[in-house]
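There are 2 protein chains.
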Amino acid sequence: MTTAERPSLLLVEDDAALGPLISELLEPDFSVRLAVNGRDGLHLGLTQSWDAMVIDRGLPVMDGLALIKALRSKGIATPILILTALGATDEKVRGLDAGANDYMSKPFDAMELAARLRALTRTYAPPPATLGIGDWELDAGARSMRSVYGSVVTLTAKEAGLLETLASEPERVFTREDLINALFHPTDQPGVIDTYVHHLRRKISKTVIRTVHGLGYQIGNPHD
Amino acid sequence: MTTAERPSLLLVEDDAALGPLISELLEPDFSVRLAVNGRDGLHLGLTQSWDAMVIDRGLPVMDGLALIKALRSKGIATPILILTALGATDEKVRGLDAGANDYMSKPFDAMELAARLRALTRTYAPPPATLGIGDWELDAGARSMRSVYGSVVTLTAKEAGLLETLASEPERVFTREDLINALFHPTDQPGVIDTYVHHLRRKISKTVIRTVHGLGYQIGNPHD
DNA sequence: CGAGGCATTTAAGAAGCTCTTAAGAACTCC
DNA sequence: GGAGTTCTTAAGAGCTTCTTAAATGCCTCG
Numbered sequence: 001m002t003t004a005e006r007p008s009l010l011l012v013e014d015d016a017a018l019g020p021l022i023s024e025l026l027e028p029d030f031s032v033r034l035a036v037n038g039r040d041g042l043h044l045g046l047t048q049s050w051d052a053m054v055i056d057r058g059l060p061v062m063d064g065l066a067l068i069k070a071l072r073s074k075g076i077a078t079p080i081l082i083l084t085a086l087g088a089t090d091e092k093v094r095g096l097d098a099g100a101n102d103y104m105s106k107p108f109d110a111m112e113l114a115a116r117l118r119a120l121t122r123t124y125a126p127p128p129a130t131l132g133i134g135d136w137e138l139d140a141g142a143r144s145m146r147s148v149y150g151s152v153v154t155l156t157a158k159e160a161g162l163l164e165t166l167a168s169e170p171e172r173v174f175t176r177e178d179l180i181n182a183l184f185h186p187t188d189q190p191g192v193i194d195t196y197v198h199h200l201r202r203k204i205s206k207t208v209i210r211t212v213h214g215l216g217y218q219i220g221n222p223h224d
Numbered sequence: 001m002t003t004a005e006r007p008s009l010l011l012v013e014d015d016a017a018l019g020p021l022i023s024e025l026l027e028p029d030f031s032v033r034l035a036v037n038g039r040d041g042l043h044l045g046l047t048q049s050w051d052a053m054v055i056d057r058g059l060p061v062m063d064g065l066a067l068i069k070a071l072r073s074k075g076i077a078t079p080i081l082i083l084t085a086l087g088a089t090d091e092k093v094r095g096l097d098a099g100a101n102d103y104m105s106k107p108f109d110a111m112e113l114a115a116r117l118r119a120l121t122r123t124y125a126p127p128p129a130t131l132g133i134g135d136w137e138l139d140a141g142a143r144s145m146r147s148v149y150g151s152v153v154t155l156t157a158k159e160a161g162l163l164e165t166l167a168s169e170p171e172r173v174f175t176r177e178d179l180i181n182a183l184f185h186p187t188d189q190p191g192v193i194d195t196y197v198h199h200l201r202r203k204i205s206k207t208v209i210r211t212v213h214g215l216g217y218q219i220g221n222p223h224d
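These protein sequence lines are chains F and Z, in that order. Each residue of the first sequence is one higher than the last, beginning at 1 in my numbering. Each residue of the second sequence is one higher than the last, beginning at 1 in my numbering.
Take a look at the structure:
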């Protein structure tokens, strides 16, 4: 949820009547995109960034549970709500343990669905949305960095996004592929990342982003 | 959830029978602390760090909804599940919009409650799997070694692969042939291994890898 | 509506790091 | 002491990353 707009929602539902209906019910609160099978859902889930997903349990081509596991295994942490006709407790347990964040069984109440999605997409700690990186602090909202000594550098959207992604998981090594999937079109060539890393190093400091040769880039505590 | 222990759970429930019962049901999966009214719940919620909270809707001294709002207003972002006798949709909506992350109405199923709490406390960026080797720890993902005293050494792909293979089966003696088949082209000459063993010994310590004369190399507890 | 400026993307040579080979020195075991 | 094994060092080939520059696209302001 990077802007003040409605949160984006990916709805994966094969029922030709129910899909558009749910979509319409949620449109006041969410910007809904409908996928009618698991394969399309997986593609959209992997290639675009969503604030939440609603996934039907029983889907053609690729089952809802398999879809969730596939998304989670690719590192997609987006909140997911499963919607299903199966209301038995062990079905709920299976769904939640597969990686879903919430579970509702049909027939469901539209108001409750919307409230649960609001809860899933809600973000806490709005005021201090800054990320500390070494001697610097990233203000993602204002797309700027402030050093502890007061100087301020403004970043472009891509620069800020790249830095924010890297800083979101310190110590983790992101491959160029990871970063392209998170920030660019998957068709872009990996070299784009190198260029932006270079821009950031020039703007901020040579040492904010560490290169891990053959793997990718990383932010973390300076060592050795 | 900072450790590998059970997640910590704050349960705020005034019912003298239900509180201990829920507590007992969840103990296998969570480390549960019980508070019997809203005031105690607020104090514990503010002064300690919890992986999740389960809060009863109707509480003496301080209502459950008021408690949640108070916690949220103080910047506490811990996942909260409301447990209540009120199952009407607008009650659920009120609870969720007050800042709760999930809502279950009594009578509830213990298995489902546990599954929902697992979903709430699940983290998607688990700390990287590390392998202990003597005083060192190998982070294969980042291809680096960190000593117990904090220093960090980065390894190349071959170095990390060799070390990981050796460490995967402590005490086992790997022949050069074993290692070449696992890490290099089978046509490579066995001397490659010697070179990398040397690199690792220089980077980390002379004693991480033990030579077994005439056989190969080994990692294991230092004996004699 | 067009010009200018800024952000983004592509491309290509330069620089740097890793891998691999090789050869002599040092060591081990008999 | 000698044969075989292991250690150490060095250097070139090959690959990855850095850096620069220019092309493209987008938005704004005149």
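Quick reminder that beta carbons are idealized off the backbone N, C-alpha and C, glycines included. Quick caveat: nothing in here was measured; it's all calculated off a predicted structure.
Is it the case that the Cβ atoms of residue i and residue j are separated by a distance below 7 Å?
i      : j      : result
F:L9   : F:V32  : yes
F:L162 : F:R143 : no
F:A77  : F:T121 : no
Z:G99  : Z:I82  : no
F:L25  : F:A110 : yes
F:A167 : F:I219 : yes
Z:V173 : Z:V212 : yes
F:K74  : F:L46  : yes
F:D102 : F:R116 : yes
Going along the chain, which residues of its own chain have a beta-carbon closer than 7 Å to the beta-carbon of residue i, five neighbours each way excluded?
i      : result
Z:D14  : V36, N37, D56, L59, P60
F:D135 : S147, V148
Report all residues from its chain with a CB closer than 6 Å to the CB of residue i; omit the five preceding and five following residues, and keep chain order.
i      : result
F:L179 : I193
F:L34  : L11, G19, S23
F:P126 : Summary for F:P126: the model assigns pLDDT 39, below 50, so the residue's position carries little reliability; its value from the coordinates is reported in the next sentence. Taken in chain order, the list of residues that qualify is empty.
Z:P190 : R176
Z:P7   : M1, F30, D51, T121
F:T207 : none
F:E164 : A140
Z:G150 : none
F:E171 : G220
Apart from the five residues on each side of it in sequence, which residues of its chain come closer than 8 Å, Cβ to Cβ, to residue i?
i      : result
F:L42  : M62, L67, A70, L71
F:A129 : Reliability fails at F:A129, whose pLDDT of 48 lies under 50, so the model's placement of it is uncertain and the value that follows must be treated cautiously. Contacts found: D139, A140, G141.
Z:Y196 : K158, E159, L162
F:A85  : R57, G58, S105, K106
Z:P186 : I180
Z:D188 : I180
Which bits of chain Z does residue i rub up against, with CB to CB less than 9 Å?
i      : result
F:M111 : T89, D90, K92, V93
F:G214 : R143, T156, A157
Can you list the residues of chain Z that residue i reaches, using a CB-CB cut of under 7 Å?
i      : result
F:L96  : A115, R116, R118, A119
F:V173 : G141, A142
F:Q218 : A142
Below 7 Å on C-beta distance, what does residue i contact in chain F?
i      : result
Z:N101 : A119
Given this structure, state the Cα-to-Cα distance separating residue i from residue j, to the nearest angstrom.
i      : j      : result
F:K92  : Z:E112 : 7 Å
Z:L183 : Z:K158 : 7 Å
F:D40  : Z:H199 : 48 Å
Z:T2   : Z:S49  : Reliability fails at Z:T2, whose pLDDT of 42 lies under 50, so the model's placement of it is uncertain and no value is given.
Z:E137 : Z:E169 : 15 Å
Z:A114 : F:P79  : 18 Å
F:P243 : F:L65  : This structure does not reach residue 243 of chain F, given that chain F is present from 1 up to 224, and the question cannot be answered.
Z:T123 : Z:E5   : 14 Å
F:P28  : Z:R118 : 31 Å
Z:A16  : Z:V54  : 15 Å
Z:G132 : Z:Y217 : 18 Å
F:M145 : Z:M145 : 31 Å
F:L21  : Z:L21  : 41 Å
Can we count residue i as close to the ligand SAH, meaning its CB is less than 6 Å from some heavy atom?
i      : result
F:G214 : Absence of the ligand SAH from the depicted structure is noted, as is the absence of any ligand whatsoever, leaving it without description.
- Query: Can you find at least 3 beta carbon pairs, one from the segment 81–100 of chain Z and one from the segment 189–205 of chain F, that sit closer than 8 Å?
  - Reply: no
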